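Trainee: Residue numbers for the sequence shown follow full-length UniProt numbering, beginning at 1 and rising by one.
The beta-carbon is built from N, C-alpha and C at its ideal position, and this holds for glycine as well.
Keep in mind the model is a prediction, meaning the values are calculated, not measured.
Before I ask anything, here is the structure I am working with.
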Amino acid sequence: DDVAVDADIVLGTPRRGPLRHVLVLARGFGGFSSALVLGSTR
């Protein structure tokens with residue numbers, strides 16, 4: 001659980017709160033990995 005950057009990481013149970021940017025990471029079968037960055041227009 002050691003992270004190289006100062007990031008607020010949510011694992012397990014979701015949290016409610018205002019968001020401006022979100023980074024979604026996924027790992028899957030056979031080394032598949034992906035990342036998606038979402039940003040608010042407000």
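Name the two residues that bound the continuous beta strand (DSSP E) containing SER33.
Mentor: Where SER33 is concerned, the enclosing beta strand (DSSP E) stretches over 33-39.
Trainee: Give the straight-line distance between the Cα atoms of THR13 and LEU36, rounded to the nearest whole angstrom.
Mentor: Rounded to whole angstroms, THR13 to LEU36 spans 20 Å at the Cα level.
Trainee: Going by C-alpha to C-alpha distance, which of GLY28, PHE32, VAL22 and LEU38 sits closest to ALA7?
Mentor: Taking only the C-alpha atoms, the option nearest ALA7 is VAL22.
Trainee: Hey, SER40 and ARG20: beta-carbon distance below 8 Å or not?
Mentor: Yes, the Cβ-Cβ distance between SER40 and ARG20 is below 8 Å.
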